[in-house]
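Chains as they are written, first to last, in the working numbering: chain A, 928 to 1266; chain B, 928 to 1266; chain C, 928 to 1266; chain D, 928 to 1266.
4 protein chains.
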Amino acid sequence: MLIVMHHHATAEQIEAVKTNVEAMGLRAEPIPGSMRTAIGVLDNQGYVDDSTIRELPGVREVIHVSKPYKLVSRDFHPQGTVVDVAGVKIGDGEKAVMMAGPCSIETAEQMHTAAQQVQAAGGHILRGGAFKPRTGPHSFQGLGVAGLKLLSDAGRAVGLPVVTEVMRIEQLDVICEHADLLQIGARNMQNFDLLKEVGKLNHPVLLKRGLSATIEEFLAAAEYIVAEGNSQVILCERGIRTFEKATRNTLDLSVVPLIRSMSHLPIIVDPSHATGMRPLVPVMARAALVAGAHGLMVEMHPEPEKALCDGAQSLDPQAFEKLMVDLVRIEAFLEELGD
Amino acid sequence: MLIVMHHHATAEQIEAVKTNVEAMGLRAEPIPGSMRTAIGVLDNQGYVDDSTIRELPGVREVIHVSKPYKLVSRDFHPQGTVVDVAGVKIGDGEKAVMMAGPCSIETAEQMHTAAQQVQAAGGHILRGGAFKPRTGPHSFQGLGVAGLKLLSDAGRAVGLPVVTEVMRIEQLDVICEHADLLQIGARNMQNFDLLKEVGKLNHPVLLKRGLSATIEEFLAAAEYIVAEGNSQVILCERGIRTFEKATRNTLDLSVVPLIRSMSHLPIIVDPSHATGMRPLVPVMARAALVAGAHGLMVEMHPEPEKALCDGAQSLDPQAFEKLMVDLVRIEAFLEELGD
Amino acid sequence: MLIVMHHHATAEQIEAVKTNVEAMGLRAEPIPGSMRTAIGVLDNQGYVDDSTIRELPGVREVIHVSKPYKLVSRDFHPQGTVVDVAGVKIGDGEKAVMMAGPCSIETAEQMHTAAQQVQAAGGHILRGGAFKPRTGPHSFQGLGVAGLKLLSDAGRAVGLPVVTEVMRIEQLDVICEHADLLQIGARNMQNFDLLKEVGKLNHPVLLKRGLSATIEEFLAAAEYIVAEGNSQVILCERGIRTFEKATRNTLDLSVVPLIRSMSHLPIIVDPSHATGMRPLVPVMARAALVAGAHGLMVEMHPEPEKALCDGAQSLDPQAFEKLMVDLVRIEAFLEELGD
Amino acid sequence: MLIVMHHHATAEQIEAVKTNVEAMGLRAEPIPGSMRTAIGVLDNQGYVDDSTIRELPGVREVIHVSKPYKLVSRDFHPQGTVVDVAGVKIGDGEKAVMMAGPCSIETAEQMHTAAQQVQAAGGHILRGGAFKPRTGPHSFQGLGVAGLKLLSDAGRAVGLPVVTEVMRIEQLDVICEHADLLQIGARNMQNFDLLKEVGKLNHPVLLKRGLSATIEEFLAAAEYIVAEGNSQVILCERGIRTFEKATRNTLDLSVVPLIRSMSHLPIIVDPSHATGMRPLVPVMARAALVAGAHGLMVEMHPEPEKALCDGAQSLDPQAFEKLMVDLVRIEAFLEELGD
């Protein structure tokens, strides 16, 4: 941490800051400059809470060097983590993984059809929402526990692991019974109690980036899970909120190579929620792989025009099949291309 | 809802959209124009899910007219709701209410001192956090249940109701026992399960706006609570996330008159979290009242330079006392000034 | 400037950074810590371009302490600048100034009526646009030079100075002939050549904040003008672009006290463009004054429902008159209230 | 345009709106609904200025269907425009074009070396800035006209066309003499007078997206150029401003397929300014091509660690050469892959 003093700060003010820092058990090293003095704070083992210092007389700015996460950082754990979802491996050195299926679980028939289509096209994990976070209470909220069973039955029938969203702690038991991968949605990325509880489980977790979460906050959220003992965490970029309204969100693909350099956790991309527009999904899926994503999550519905939720961004089975063919070819090409 | 067709849409495509709308039990009314046809959707009682229509062939855009909330709208409930927090009334026609106290509950002594200072200066409700949402797991997470007791003891000792943040459903019982007003923090504004559960209680709720929540999403979140039967909801603007980093967040004061015209729920302002800078708190508190806020929430700590959390944005007791004097005078002045 | 090295940076890498800094004529002071080394850069007189250093091997982050402006900073010029617009004074210690008038200059009659209404209600400066920046080329672009004459005639007739927007350098001569205050619009805040040219004039300038300009960029833009010799610069907050679409822009009122502490230049607020909604203009104008604005700029049209531009955010003469009455009372009240 | 009335709007208010619309020469068609009436506005040939209608009594919202651009829209001009820059063709059906070179023109030697390196690696157009838009006036502002000559000499020596940024109208003549492609930078995207003037020239233009420009505003800015008669316009995505600060800007790659569907103008991507980080440039360049970009613009400097500007985001010659090899292979692969 660096504490920058005002150019008119007095020697007493500088001394007071030093004393305050030392009271926290840290070392303070003044660096006098031509225009102002800065004070380096040393010996801290991680992020320092600056709130007692930021407003001391004569202090102009406090600059942080340490980050609010450590366990998820590649600095301290250079080798990539490979997450194992019921046999499907995701991470450095593994094949890109495709998670696909409808936004909402609707009927047994819909899920069985979807599962067969995902499996036949070469997808690896079946998705489907039983508990749905909707902006308003008057929209369809999902089938709940009944939906979970439809999902796991459909997955088991075709031999695919399944992923579904968790919204409350009391649901964890029943969801763990039926799902192989627990999804924490964007709106719950900073639901810290939920993060802590999934951190205590022995179940892999898919953590989606919050709508306006910085990369630092995203990694700090993952740190909550890992700090409780569960290091089976997959990150997922799904678009951020910006001023642009032509797309549902703004897909931030630069985050993929950046997170790969900052963290050892795998990162996948969800182009369906990021763009909100079916025609953009395949092209952005291709771009995501080229940007280095360890996998993809896309919405596919047997009959998108009849979907209860997110039909406009769901691929139909033909488009999904085409996308899978492309992805296999892209992966082969990337391998050839090298770094 | 209005469905805008491409200018090259065929008569068959227009017919197909019409059929699709009618299958939803609604009426479709084509409006032919010189360049393109639009189709008005009528007879819906609220927000229509457009996902099955948005990507039909020939459709260019779907425009919503209905909103995802209704119960919280002033359109359908013109009279302002007055929320009663253990005798303190908040809403149209009532005096502006001041909620103040430390960010975190730390010790019995700190809370008693804070309570006396808030009460002596004329504050109405005592705040203090027992469960703290922190970006990273390595920061102080609050005293938990032990803190709740310190808070309620301190409030009772000086005769002030107390408000504290709720982060998980299992805590609701114990928090209701100790607190008069339940705060849902910005990070949980779209924790829909938590909203539903507080909606089932007979306890007033303070709902903070999410970091990147639109006004529409903010009101739809309140709708979750009211739809379950609890209409004792106070909204709170606490700054939104923008590109600007000189302040912690960007205080969006225009939201105050706007929400007052759109909803019957009271709205207060938290200038401490919005600005993150102690020197800006009193001036923005004054501006918030003039903008029409029904009350304020500010952080005040007996010794901000020793606070475990948010010291840099906490007022000291002297500044708080000065602010209370100003607020009383501003209120009197506003009454004189009229609308 | 502080250069933070990776925790695995080698001694050679640290040495290389040091050499590089010294080649720029600056002093480099390593600060070894328990986890990583940081290097303080000293003896710089202002902002240092970090581009040759940021990507040297072993460098993790470069943190700036100096700002890209100095002349406009209150650090080096504690006394507030008072700008004189043909006798109307704006700045610390002066009465709040009201600039008002229509968005676009349309006819001689419209401008004379507007001028009389502004003057009668107690306004200080008449505004009107002759050159209009419109999103698309097919919208009304203003009357040009003919409009300028209508504006200055109208102002002269009632004894009010006039302000109008400048969009290109070749227009400066003719605009200076007719206008007392030159406005640089939000879209041109970083039109650096225009800034430099108005910096060479002996004419006061009103600089509006860009749609997505940080405070640092805003002050650096003003620095362009002052660096050329013209220190008669008034800043204007007019709303920033955020994800929120319920208002035209998001009025960032915290910027007012913040800029007052950071710069000696006066700052005014334009609630008309910030909100885009007539009913919000008076209330946000009042809040702006309470936040410490040195003045206001509002759109007022004799017949808003017939305006060629921005009618929806223009006050009518009655609402403007009411606003002026309120402002005089607010000023008196603020004087009483003190700091 | 659709005018949505409040549910309590009176028949008189609806009639008044109708009258007002008809006074504009348009047709008004009321659409009564179960909860409120909407009024469709027909017969307009393009975007309608809503300012006289938006605040009429009883009006709740005005929704636009037409856009502020038409000439650049693919709706009315389905075939892709191919821009010819001194023989290098950019657009649908052409090979992807690489524009590369240093941020700033510094010396004859630097430019000759850079030109040889760009040409040898297979680049198509040489870039270099003679007039530099810098945040503050105390940073290096470019060599000006002297720089232009260095650029054109270097380009001519190796047979490459050159591109450089235009910042003021008076520079257009001398820049057209030396450069084959005129760049309008992000900060000038809404410098409408500059757009109009380049619209009158017979010179191709590269228009960069503004830092916070929506796609609609971006296309409307291009419309200014095309409306004056110059249809040789290339669009360039270069990152937008968001809350995320880990990258310099947020590269919005979804805009590439979206603009390709909305407009007939070619679109390229600048990953250097978008990310601001050298290690991210090659990977995002690859992703941009896969997203459908018609070309790329990247910063390459013979010795990035000595660059006067943007060294941290400039590729060195080796990395550039590697990128060109990759791009040729990617293009071949994409051709094989098909749509």
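For every residue, glycine included, the Cβ atom is placed at its ideal position computed from N, Cα and C. Please read these numbers as outputs of a predicted model, since none were measured by experiment.
Residue i burial status per 10 Å Cβ neighbour count (16 or more: buried)
i, result
"Glu956 of chain D", "buried"
"Asp1266 of chain B", "exposed"
"Ser1188 of chain D", "exposed"
"Val999 of chain A", "buried"
"Gln1006 of chain A", "exposed"
"Phe1119 of chain C", "buried"
"Asp1100 of chain C", "exposed"
"Phe1067 of chain B", "exposed"
"Asn1129 of chain B", "exposed"
"Thr937 of chain C", "exposed"
"Pro1193 of chain C", "buried"
"Asp1019 of chain D", "exposed"
"Leu1159 of chain C", "The amino acid at residue 1159 of chain C is misidentified as Leu; the sequence shows Gln. Classification of Gln1159 of chain C: buried, given that the 10 Å Cβ count is 16 or more."
"Glu1124 of chain D", "buried"
"Pro1244 of chain A", "buried"
CB contact flag (residue i, residue j, <8 Å)
i, j, result
"Met928 of chain D", "Ile990 of chain D", "yes"
"Gly1126 of chain C", "Val1153 of chain C", "yes"
"Pro1060 of chain B", "Gln1117 of chain A", "yes"
"Met1026 of chain C", "Gly1238 of chain C", "no"
"Glu1155 of chain A", "Gly1063 of chain B", "no"
"Val1183 of chain C", "Gly1219 of chain C", "yes"
"Thr1091 of chain A", "Ser1181 of chain D", "no"
"Gly1166 of chain B", "Leu1185 of chain B", "no"
Identity of the residue in the options nearest residue i by Cα
i, options, result
"Glu1263 of chain D", "A:Glu1263, A:Arg1256, A:Asp1266, A:Val1045", "A:Arg1256"
"Thr1202 of chain C", "C:Gln1240, C:His935, C:Arg1114", "C:Gln1240"
"Ala1057 of chain D", "D:Gly1049, D:Gly1137, D:Ala1048, D:Ala1073", "D:Ala1073"
"Val1015 of chain D", "D:Leu1053, D:His1191, D:Ile980", "D:Leu1053"
"Leu1242 of chain D", "D:Ser978, D:Asp1197, D:Ala1259, D:Leu1216", "D:Asp1197"
"Asp1002 of chain B", "D:Ser978, D:Arg963, D:Arg1213", "D:Arg963"
"Phe1260 of chain B", "B:Cys1236, B:Leu1216, B:Ala1246, B:Glu1232", "B:Leu1216"
"Gly1071 of chain C", "C:Gly1050, C:Ala1048, C:His1105", "C:His1105"
"Thr979 of chain D", "D:Val948, D:Glu1248, D:Val1210, D:Val1182", "D:Val948"
"Val1132 of chain C", "C:Thr1141, C:Leu1138, C:Cys1163", "C:Cys1163"
"Leu1235 of chain C", "D:Ile966, D:His935, D:Arg981, D:Met932", "D:Arg981"
"Asp977 of chain B", "B:Val1012, B:Ile930, B:His1004, B:Asp1011", "B:Ile930"
"Leu1134 of chain C", "C:His933, C:Ile1161, C:Asn1157", "C:Ile1161"
Close-in-space but distant-in-sequence residues of the same chain around residue i (CB under 7 Å, 5 per side omitted)
i, result
"Gln1037 of chain C", "Pro1029, Pro1229"
"Val1085 of chain C", "Ala1042, Gln1043, Gln1046"
"Gly1190 of chain A", "One detail in the question is off: residue 1190 of chain A reads as Ser in this sequence, not Gly. These residues qualify, in order along the chain: Val999, Ser1000, Arg1001, Leu1146."
Chain-order list of residues whose beta-carbon lies under 6 Å from that of residue i (same chain, five-residue window excluded)
i, result
"Ser1199 of chain C", "Val1208, Val1225, Glu1226, Gln1240"
"Leu1077 of chain B", "Ile1032, Ala1035, Met1038"
"Phe1247 of chain A", "Ala1048, Met1227"
"His1004 of chain C", "His1191"
Other residues of its chain near residue i: CB distance less than 8 Å, five sequence neighbours each side excluded
i, result
"Val975 of chain C", "Met928, Met951, Leu953, Val968, His991, Ser993"
"Glu1143 of chain C", "Lys994, Pro995, Tyr996"
Heavy atom of the ligand GDP within 7 Å of residue i beta-carbon
i, result
"Gly1112 of chain B", "Ligands are entirely absent from the displayed structure, and the ligand GDP is therefore not among its contents."
Open item on the list: For the region 1028-1043 of chain A against the region 1223-1235 of chain A, do three or more pairs of beta-carbon atoms, one drawn from each stretch, fall closer than 8 Å, so that the two count as touching?
Closed with: yes
Task: contact_flag[the region 1073-1087 of chain D, the region 1159-1173 of chain C] where n(CB pairs < 8 Å) is 3 or more - done: no
Open item on the list: Across the region 940-952 of chain D and the region 975-988 of chain D, are there enough close Cβ pairs to call them in contact, namely three or more that are closer than 8 Å?
Closed with: yes
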